[in-house]
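Numbering (UniProt numbering), first residue to last: 1 to 262.
Following this line, the structure appears as structure tokens:
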């Protein structure tokens, strides 16, 4: 049986957020577990931050080049992919879907959306609905998003797949337990880390021994650091850089805690 030829397209696989982690994990699983021939196209032109299995082919493109959507669509058409998965934080699915429906009509088009539909302004929502209608499948993060768009997009076209945790389940060893809550994600406004820090002010009063570790990089870091200082939480809340090995931030023998917010 001929392996399926799958293309995954993302804006920048070098990013350190959950979207890039999911795209890397998806590519690895399709290549290793399903035996598919997987090519990962990244428009950022930089190597992947999260590890990729040798079975995944990474192709780095430049979205600053003239007519890059047209060139990418022609490449996907020429190489005859059975399925094309667009991993989008907003603009990528809107930009690429018309080109792909025109030039790759035989390939199944799956849009994997990683921003809540409710976050977009109304003009962007209408654009999203138009491209959703052109796709074969739309993958959303929440049932709420599926319900919101069901008036315009057939529910059977939409799938809800939550971001998976990369941490394997482990038996709890009470002797190693530490009062740590771990939050992981890109430091941007939409992630709501500012609200988490506000909530932690109450937790710090009720349970001062608990620590909050926020792991990630992003443009909101200076504002979050200032918010922590103004709330007097410097000893309870810590911002840590993004890493491939979150467990390295914990004491020796301490596993990744159960209280993980992704």
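Using N, Cα and C, we set each Cβ at its ideal position, and we do this for glycine too.
For residue 7, the enclosing beta strand (DSSP E) stretches over residues 5-10. At the C-beta level, residue 111 and residue 77 stay beyond 7 Å of one another. Pairing residue 81 with residue 5 gives a Cβ-Cβ distance under 7 Å. Under DSSP, the beta-bridge partners assigned to residue 41 are 9, 59.
By the criterion of a C-beta distance shorter than 6 Å, residue 11 is surrounded in its chain by 43, 92, once the five residues flanking it on both sides are discounted. The criterion of a C-beta distance shorter than 7 Å is not satisfied by residue 187 and residue 213. The alpha-carbon of residue 139 is positioned some 32 Å away from that of residue 180.
Under the three-pair Cβ rule at 8 Å, the segment 134-152 counts as touching the segment 106-121. For the pair residue 99 and residue 51, the CB atoms are not nearer than the 7 Å cut-off. Under the criterion of beta carbons closer than 8 Å, residue 3 and residue 35 qualify as touching, at roughly 5 Å.
For residue 161, the number of other beta carbons within 10 angstroms of its own is below 16, and it is reported as exposed.
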